[in-house]
Amino acid sequence: MKAMMYTETGGLDVLKTQDIKKPVPGDNQVLIQVKAGALNVADYQRFESGNDKVSVKNRMMNFFMGFNRAPIGAEIAGVVVEIGKNISHVKVGDSVFGKVAGTFPKGGFAEYALMDKERVGVMPDNYTYEQAASVSISFETALGAIRKGNVKAGMDVMVYGASGGVGLFTAQLAKAVGANVTGVCSTRNVDILKEIGIDTIIDYKTSDFTRCDKKFDVIIGVNGYNPMKKYK
Ligand SMILES: NC(=O)c1ccc[n+]([C@@H]2O[C@H](COP(=O)([O-])OP(=O)(O)OC[C@H]3O[C@@H](n4cnc5c(N)ncnc54)[C@H](OP(=O)(O)O)[C@@H]3O)[C@@H](O)[C@H]2O)c1
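Numbering that gives the first Met the number 0 numbers the first residue of the sequence shown as 0 and each following residue consecutively.
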């Protein structure tokens, strides 16, 4: 089968389409014919040659786990073509979405990909494959933050980095539970936050969010750009 692989670190030009063996599902796995994949931050952190802490750690981990010659693509949607013997919640022919399996070949930008039992779910009827593929990791991260922050109706919540992959879900989830949401983003994304109904928008290019008059019940700093003392 064809898969998008990286065999060295660098920019996007290190990604090449190659032929690799079609994977075989284990007892707790599902084989998917991939219909769509979403590009997640976790993908480029695997092959990019940046020197930030996450990139260096990921490259070391991939090297020792044999993932340094592997397809990329962390989140996908597609059709189930084969299931392991312990799988009962999805069946052959189902349209599913979720994260790719943590085992080799560990990549979803391919004709077929493996998904682990607990990482695959049936797609809602009203989703396209493209929409479903882009939901799992960023949404799960956002949901984790909303739960950890115990966000409830009526709370004042700030989402710093509200215009990104995780931030857009975080801000919408906070709105959905009935919080009053302040979103921080740059000028180019102010309209997106308006479109999703964020109550107050702070443009970090033109204003200092620490000068905001409001006190917040919860601040979710999605991207780690600020030290904790700044939020306090
Ligand atoms: N995506 C995932 O599924 C996932 C899962 C787990 C953890 N994470 C981690 O969560 C963090 C955010 O990931 P993401 O995928 O949401 O990233 P992203 O889509 O690139 O979003 C980054 C956010 O940070 C803002 N931002 C960029 N430069 C900034 C600056 N100089 N000062 C202040 N804000 C700035 C962006 O706003 P503007 O674009 O408006 O400038 C945007 O809202 C990363 O550290 C990532 O490793 C992500």
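C-beta atoms are modelled at their ideal positions from N, C-alpha and C, and glycine is treated no differently.
Keep in mind that this is a model prediction, so the values were computed, not measured.
Residue from the options with nearest C-alpha to residue i
i           : options               : result
residue 77  : 88, 87, 85 and 93     : 93
residue 195 : 186, 206, 187 and 182 : 182
residue 217 : 202, 169, 51 and 35   : 169
residue 8   : 50, 38 and 21         : 50
residue 187 : 226, 89 and 204       : 204
residue 3   : 11, 10 and 15         : 15
residue 5   : 47, 26, 41 and 184    : 47
residue 229 : 74, 24, 208 and 171   : 208
residue 129 : 116, 219, 75 and 143  : 75
residue 35  : 180, 177, 95 and 145  : 95
residue 155 : 1, 197 and 184        : 197
residue 222 : 56, 108, 164 and 25   : 164
residue 153 : 166, 177, 171 and 133 : 177
residue 101 : 220, 121 and 114      : 114
residue 220 : 126, 26, 22 and 167   : 167
residue 202 : 41, 20 and 161        : 161
residue 10  : 25, 18, 43 and 24     : 43
residue 91  : 142, 52 and 24        : 24
residue 138 : 80, 171 and 106       : 171
residue 40  : 133, 147, 214 and 143 : 133
residue 87  : 179, 26, 190 and 1    : 26
Residue i, DSSP secondary structure in three states
i           : result
residue 34  : strand
residue 81  : strand
residue 141 : helix
residue 2   : strand
residue 91  : coil
residue 157 : strand
residue 98  : strand
residue 241 : Residue 241 lies beyond the residue range present for the chain, which begins at 0 and ends at 231; the question has no answer from this structure.
residue 225 : coil
residue 203 : coil
residue 114 : strand
residue 41  : helix
residue 188 : helix
residue 178 : coil
Distance CB(residue i)-CB(residue j) smaller than 9 Å
i           : j           : result
residue 82  : residue 32  : no
residue 72  : residue 38  : yes
residue 116 : residue 149 : no
residue 200 : residue 211 : no
Whole-number beta carbon distance between residue j and residue i, since they are thought to touch under 8 Å
i           : j           : result
residue 175 : residue 158 : Actually they are not in contact, since the Cβ atoms of residue 175 and residue 158 sit about 13 Å apart, beyond 8 Å.
residue 98  : residue 136 : 6 Å
residue 89  : residue 119 : 6 Å
residue 21  : residue 111 : 5 Å
residue 122 : residue 131 : 5 Å
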